[in-house]
Amino acid sequence: MLDPGPGGIPRRVLRACADQLSGVFPDIFRLSLSLPAVPICFNMSTVVPVPKKAKLINPVLCNWVLDFLTGCSQVLKDFMMQQTMLRVKDPVKSLDFYTRIMGMTLLQKFDFPSMHFSLYFLGYEDKKEIPADVKERTAWTFSRRATIELTHNWGSESDASQSYHNGNSDPRGFGHIGIAVPDVYAACKLFEEQAVTFVKKPDDGKMKGLAFVQDPDGYWIEILSPNNMVSITS
C-alpha cells in the first residue's frame, strides 16, 4: 500500500518498529472491540501489514510510535455507553411505563422552555444514591451507564396526528433496546397482567426464552435473560 499507517505514520517506521509494536496493536484492537469504538488513531482505509521481523531498528522512531499508540488506548479506556434517546408523545404514559412496569428510576428531568421540550433520564439506579444538589445530580446522571433519555416536544400529547416511527417498519432503521431480567417468563406474566403489547412472547418463533414488547410509542424492547442467551446463540 502507498498510504501512510495510523495517524500518518510512514510504513517504513512501522516496519522498523515491528517487534516493539507487536504487543501494542492487540491491546488497542481489544479495547476498541470492548467499548465498542474504532480507535481515533486508525484509518481503516490505511491499515498497513507489519512484518514479524524488522530489518531496521530506530529506537527514537520506535519510542515515538509507541507513545503515540499508547496515547490512543488511554483516550479510549474510559469511554462508555451512556444514553439512548427516544422521542415520546406523552411523557405521563411513558414515565408510568418505564418506572412502574419496567422498574426504572427517574434520575433527572430537564426543561427547556425557550425550545419547548423536556428531557427525562431513566435508568436502573438506587434512588438513595441520587445526589440532592442539582449540579451534583446532573453530573451523576450523565455518569450513569445505559440510561434512557425520553424527549418530549411540548404539545405532542394533545396532537391526534402525532406519532413516532419505531424503526421496525419500512423504511427500517432503529430496532430496539434490550432489558436483561432474571426470569423472562415471570417478567412477561407481569407484562400480560399490565396489558403490555407483545411483539413476540417467550415461546413464539424459533428463539425460545426471549420476548419483545412495545412501549406506549411503539418502540420495541427485547426482554432477555443472560443465561438463556447462551443456548439461544449457540
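To convert a position in the sequence shown, counted from 1, into my numbering, add 14. The beta-carbon is built from N, C-alpha and C at its ideal position, and this holds for glycine as well. Quick caveat, the model's predicted, so the values are computed rather than measured.
### Task
Give me the Cα-Cα distance between Val106 and Leu136, rounded to the nearest whole angstrom.
For the purposes of this step, residue 106 is identified with residue 92 of the sequence shown, where counting begins at 1. For the purposes of this step, residue 136 is identified with residue 122 of the sequence shown, where counting begins at 1. If you take the alpha carbons of Val106 and Leu136, they lie about 14 angstroms apart.
### Query
Using a Cβ-Cβ cut-off of 7 angstroms (strictly less than) and excluding sequence neighbours within five positions of Ala225, which residues of its own chain qualify?
By one-based count along the sequence shown, residue 225 stands at place 211. Closer than 7 angstroms at Cβ, skipping near neighbours: Val198, Cys202, Phe212, Lys214, Lys215, Pro216, Ile237.
### Query
Excluding five sequence neighbours on each side, which residues of the same chain lie with their C-beta closer than 6 angstroms to the C-beta of Thr155?
In the sequence shown, the residue the question calls residue 155 occupies position 141. Cβ neighbours of Thr155 beyond the five flanking positions: Leu121, Gln122, Phe135.
### Message
So for Ser157, helix, strand or coil by DSSP?
### Response
Within the sequence shown, numbered from 1, the residue matching residue 157 stands at position 143. Ser157 falls in the coil class under three-state DSSP.
### Query
Does DSSP put Thr60 in a helix, a strand or coil?
The sequence position of residue 60 within the sequence shown is 46, counting from 1. Note that Thr60 scores a pLDDT of 48, beneath 50, so its modelled location is shaky and nothing firm can be said.
### Query
Thinking C-alpha only, which one of Ala174, Thr247, His166, Val244 is nearest Phe131?
Stepping through the sequence shown from its first residue, residue 131 is reached at position 117. Closest option to Phe131, Cα to Cα, is His166.
### Query
Considering only residues of the same chain and omitting the five flanking positions on each side of Ser239, which have a CB-CB separation below 8 angstroms?
Here the question's residue 239 lines up with position 225 in the sequence shown. Taken in chain order, the residues that qualify are Ala194, Val195, Pro196, Asp197, Val198, Gly223, Leu224.
#### Entry: Rounded straight-line distance, which links the Cα of Thr113 to that of Lys141
Start at 1 with the first residue of the sequence shown, and residue 141 comes out as number 127. Start at 1 with the first residue of the sequence shown, and residue 113 comes out as number 99. Taking the straight line joining both Cα atoms gives about 12 angstroms.
### Message
On the CB-based measure, 16 or more other CB atoms within 10 Å of its CB, does Met99 come out buried or exposed?
### Response
Within the sequence shown, the letter at position 85 stands for residue 99. With fewer than 16 Cβ atoms within 10 Å of its Cβ, Met99 is classed as exposed.
### Message
Could you tell me the alpha carbon to alpha carbon distance between Thr247 and Ser172, rounded to whole angstroms?
### Response
As a position in the sequence shown, residue 247 is number 233, starting the count at 1. As a position in the sequence shown, residue 172 is number 158, starting the count at 1. Answer to the nearest angstrom: the Cα atoms are 43 angstroms apart.
### Message
If you reduce the DSSP assignment to three classes, tell me which class Tyr134 lands in.
### Response
Within the sequence shown, numbered from 1, the residue matching residue 134 stands at position 120. It is a strand residue.
### Message
What residue range does the alpha helix (DSSP H) around Val106 cover?
### Response
By 1-based counting over the sequence shown, the position of residue 106 is 92. Taken as a continuous stretch (DSSP letters only), the alpha helix (DSSP H) holding Val106 covers 105 to 110.
### Task
In the DSSP assignment, find the unbroken beta strand (DSSP E) run with Leu121 in it and report its ends.
Indexing the sequence shown from 1 puts residue 121 at position 107. Note, Leu121: beta strand (DSSP E), 119 to 126.
### Task
Report yes if the CB atom of Val244 is closer than 7 angstroms to the CB atom of Ile235, and no otherwise.
Numbered from its first residue, the sequence shown carries residue 244 at position 230. Numbered from its first residue, the sequence shown carries residue 235 at position 221. Contact: no.
### Task
Spatial neighbours of Gly219 within its chain, please: CB distance less than 8 angstroms, with the 5 preceding and 5 following residues excluded, ordered by chain position.
As a first step, residue 219 must be located in the sequence shown, where it is residue number 205. For Gly219, where only same-chain residues beyond five positions count, there are no Cβ hits under 8 angstroms.
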